[in-house]
Amino acid sequence: AKQKGRNSICVYAPPAKAELPISTVSLENALHRAWQQQDFSLHYQPKLCLQSRRILGFEALMRWQPQELGPVSPAVFIPVLEDTGLIIPVGYWLIEQACRDLQRLSEHGFEQSIAINISARQLTQDDFAEQLLTRLHQAGIPPQRLSLELTESSLMQEPERAKRLLSQLREAHISIALDDFGTGYSSLSYLKRLPVDMLKIDCSFITDIVQEQDDRGIVDAIIRMAHGLSMTVVAEGVETAPQVELLQAFDCDQIQGYWFARPMPVDALIAWLSEAEGAGVYRRTDS
Ligand code: C2E
Ligand code: MG
Ligand code: MG
Ligand code: MG
263 AKQKGRNSIC
273 VYAPPAKAEL
283 PISTVSLENA
293 LHRAWQQQDF
303 SLHYQPKLCL
313 QSRRILGFEA
323 LMRWQPQELG
333 PVSPAVFIPV
343 LEDTGLIIPV
353 GYWLIEQACR
363 DLQRLSEHGF
373 EQSIAINISA
383 RQLTQDDFAE
393 QLLTRLHQAG
403 IPPQRLSLEL
413 TESSLMQEPE
423 RAKRLLSQLR
433 EAHISIALDD
443 FGTGYSSLSY
453 LKRLPVDMLK
463 IDCSFITDIV
473 QEQDDRGIVD
483 AIIRMAHGLS
493 MTVVAEGVET
503 APQVELLQAF
513 DCDQIQGYWF
523 ARPMPVDALI
533 AWLSEAEGAG
543 VYRRTDS
């Protein structure tokens, strides 16, 4: 199961669209229909603080399970949503859905934050920050409860525009995470100038961290650098106890991964949190 999870989800290079028994055009059509019929949903994966063992927040991950095809990976359909421009309306729906789910979480006493993945195309919208803040305001959600995950490569497409947007968001108290860190090409001097609060180390560096000395070196260096820049570090794709021990030894702040929780619908998340000791404190003693 571990092997399968790694290959199917820690997508370092997104699988070719050709892997689906469907042409690009039919995939585009299917996604247009999915949007009209509101067929997308969000799953949430918790992030755990290694020191306090508390759940600090959740990452929203889009899901699409068309009847004809079965579940399609976001690594496959997100690029098509980007190419068709559908990512713009879908992206705003997603923010609204996350706001509704934040309200539901609050009703159950869970006040953690949700992180949303934002793609390059969305950043090119001049009024993106304004649209986002309007939706938060309408839903009565404090901006502190939302954060955005952006990849290095999406920021590098238009670095100056990206920097302006991030500054605007920071002023509005929306925190920013650099996603899939280590897989892009952003220079350290650019990184230093960005108002980023968190680095998420890509799962490709975590997978073999126990066996591969090189990966350990890279992860150790990223964590030190991030702390030097006063950023919080999250390790993605953590699946085993030995990985957790190493990350703890390297002073990694938070982890995300199958080791303690998979992405799940909001109802399952609420049930999972309610079971976790003391409203959100997570302890795992096995393996
Ligand atoms: P990401 O933002 O880096 O999300 C982390 C991915 O790692 C998710 O894959 C998650 O299910 C997977 N994962 C979590 N824990 C583990 C683990 O322990 N082992 C392994 N092997 N994988 C783990 P998912 O949900 O398939 O999403 C893939 C990518 O698609 C995301 O990578 C993100 O870049 C993109 N994506 C997903 N939802 C959205 C969205 O709403 N908007 C945008 N723009 N992109 C999205
Ligand atoms: Mg992400
Ligand atoms: Mg990531
Ligand atoms: Mg990733």
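Here the UniProt record's numbering is used: the first residue of the sequence shown is 263, the next is one more, and so on.
All C-beta atoms, glycine included, are put in the ideal place defined by N, C-alpha and C.
- Partner residues in the beta bridge of Gly319, as assigned by DSSP, are Lys309 and Ser375.
- For the pair Ile517 and Ala497, the CB atoms are nearer than the 8 Å cut-off.
- The secondary-structure analysis by DSSP pairs Thr494 across a beta bridge with Met460.
- The beta carbon of Leu323 is closer than 6 Å to those of His305 and Pro525 in its chain, skipping five residues each way along the sequence.
- Under the three-state reduction of DSSP output, Val528 falls in the helix class.
- Judged by DSSP in its simplified three-state form, Trp521 adopts coil rather than helix or strand.
- Scanning His370, Arg325, Gln327 and Pro308 for the CA closest to the CA of Leu318 turns up Pro308.
- Asn291 is classed as exposed because its beta carbon has fewer than 16 other beta carbons within 10 Å across all chains shown.
- Nearest neighbour of Ile485 by Cα position, chosen from Asp464, Thr469, Ser375 and Ile284, turns out to be Asp464.
- Remark: C-beta atoms of Leu408 and Leu440 do not approach each other more closely than 8 Å.
- Taking C-beta atoms as the reference points, Ser416 and Pro457 fail to come closer than 8 Å.
- If you draw a straight line from the Cα of Leu312 to the Cα of Ser285, it comes to about 44 Å.
- Around the beta carbon of Ser451, a 10 Å sphere encloses fewer than 16 other beta carbons of the protein chains shown; the residue is thus reported as exposed.
- Between Ile480 and Gly444, the beta carbon gap of about 7 Å places them in contact (Cβ cut-off 8 Å).
- Remark: fewer than three beta-carbon pairs, one from each stretch, lie closer than 8 Å, so the stretch 396-407 and the stretch 334-344 are not flagged as touching.
- Asp363 counts as buried, since no fewer than 16 other beta carbons sit within 10 angstroms of its beta carbon.
- The C-beta separation of Ile438 from Leu394 comes to about 12 Å, leaving the pair out of contact by the 8 Å criterion.
- Ordered along the chain, residues surrounding ligand 2 are Glu321, Asn379, Glu411 and Asp441 [Cβ under 6 Å from any heavy atom].
- Distances from the alpha-carbon of Pro405 to those of Ala382, Gln365, Lys425 and Gly490 put Gln365 closest.
- DSSP places Val334 within a strand segment (E or B) once states are collapsed to three.
- Short note on Ile340: C-beta closer than 7 Å to some heavy atom of ligand 1.
- Taking Asp470 as the centre and dropping the five residues before and after it, the same chain places the C-beta of Asp477 closer than 8 Å to its C-beta, in chain order.
- Here the alpha carbons of Leu427 and Val472 stand approximately 38 Å from one another.
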